[in-house]
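Under our numbering, the final residue of the sequence shown carries the number 129; numbering is consecutive throughout.
These notes are about the structure you will find just below.
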Amino acid sequence: MIRGIGIDVVQVSRMQSWLDRPELLHRFFHPSEVELVQRRGRAAVLSLSARFAAKEAFGKALGTGLRTLALREICVTNDALGKPELLLEGSALDALKRAGGDRVFLSLTHEQDNAIAMIVIEGNG
Ligand SMILES: CC(C)(COP(=O)(O)OP(=O)(O)OC[C@H]1O[C@@H](n2cnc3c(N)ncnc32)[C@H](O)[C@@H]1OP(=O)(O)O)[C@@H](O)C(=O)NCCC(=O)NCCS
5 MIRGIGIDVV QVSRMQSWLD RPELLHRFFH PSEVELVQRR GRAAVLSLSA RFAAKEAFGK
65 ALGTGLRTLA LREICVTNDA LGKPELLLEG SALDALKRAG GDRVFLSLTH EQDNAIAMIV
125 IEGNG
């Protein structure tokens, strides 16, 4: 059954300055997300913005917001076909379990100055 849904939008231009602030990147993004910046340079800003939206959407789907979560423990990866998936560690995984969630579905989109993420949490228990 569905345990929660969440959606969020991030203004991409506000994320541009983060690319020059490694301390912010390492605080809010998983190391494999930070690697996107190393690989793609400034072009990574769209994907990074969508990943930040995914973290906020996850907090909304939990119903707690982000207050108990370390954002770098919420990681978006892509499968072989490009489909995004959420990998959760530590506080984020604990929060999912507390919410009765077993599985998370994620969709991302980005265009010009907007990046949007949608999350569905599913749980059987
Ligand atoms: C829930 C949360 C993620 C909302 O994020 P936001 O970007 O400030 O707000 P948005 O404009 O996207 O969404 C607002 C809507 O979220 C919803 N919302 C608020 N609290 C919520 C919660 N606990 N669970 C689910 N949805 C919630 C509300 O419907 C709200 O709209 P409303 O007040 O008109 O009803 C926010 O409470 C939060 O945890 N923010 C933390 C931000 C943060 O730590 N950033 C760190 C890096 S700068």
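All residues carry an ideal CB built from backbone N, CA and C; glycine is no exception.
> Alpha carbon to alpha carbon, what distance is there between ASP12 and GLN116?
Replying inline: As a first step, residue 116 is located in the sequence shown; it is residue number 112 there, counting from the start. As a first step, residue 12 is located in the sequence shown; it is residue number 8 there, counting from the start. The alpha-carbon atoms of GLN116 and ASP12 are separated by roughly 16 Å.
> In chain order, what residues of the same chain have a beta carbon less than 8 Å from the beta carbon of ARG107, not counting five sequence neighbours either side?
Replying inline: The residue given as residue 107 occupies position 103 in the sequence shown. Cβ neighbours of ARG107 beyond the five flanking positions: ILE125, GLU126, GLY127.
> If you count every other CB in all the chains shown that lies within 10 Å of the CB of GLU60, and 16 or more means buried, which is it?
Replying inline: Here the question's residue 60 lines up with position 56 in the sequence shown. Buried, because 16 or more other Cβ atoms sit within 10 Å of the Cβ of GLU60.
>> Looking only at its chain, what residues have a beta carbon closer than 7 Å to the beta carbon of GLN20, apart from the 5 residues adjacent to it on each side?
In response: The count along the sequence shown starts at 1 and reaches residue 20 at position 16. Here the set comprises VAL49.
> With distances taken between CB atoms, is the gap from VAL14 to SER53 smaller than 7 Å?
Replying inline: If you number the sequence shown from 1, residue 14 lands on position 10. If you number the sequence shown from 1, residue 53 lands on position 49. Yes, the pair counts as a contact, with Cβ atoms nearer than the cut-off.
>> Here's a check: name, in chain order, each residue in its chain whose Cβ is nearer than 6 Å to the Cβ of GLY141, leaving out the five neighbours to either side.
In response: Lying outside 5 to 129, the shown extent of the chain, residue 141 is not represented and no answer is given.
> For PHE62, which three-state DSSP category applies?
Replying inline: Along the sequence shown, one-based indexing puts residue 62 at 58. The answer is helix: DSSP assigns PHE62 an H, G or I state.
> The alpha helix (DSSP H) with ARG18 in it runs from where to where?
Replying inline: Walking along the sequence shown from the start, residue 18 turns up at place 14. Note, ARG18: alpha helix (DSSP H), 16-19.
>> For ligand 1, I want to know if LEU70 counts as a neighbour, meaning its beta carbon is within less than 6 Å of at least one of the ligand's heavy atoms.
In response: Translated into positions along the sequence shown, residue 70 becomes position 66. Yes, Cβ of LEU70 sits closer than 6 Å to a heavy atom of ligand 1.
>> Rounded to whole angstroms, what is the Cα-Cα separation between ALA47 and VAL41?
In response: Translated into positions along the sequence shown, residue 47 becomes position 43. Translated into positions along the sequence shown, residue 41 becomes position 37. So the two alpha carbons sit approximately 8 Å from each other.
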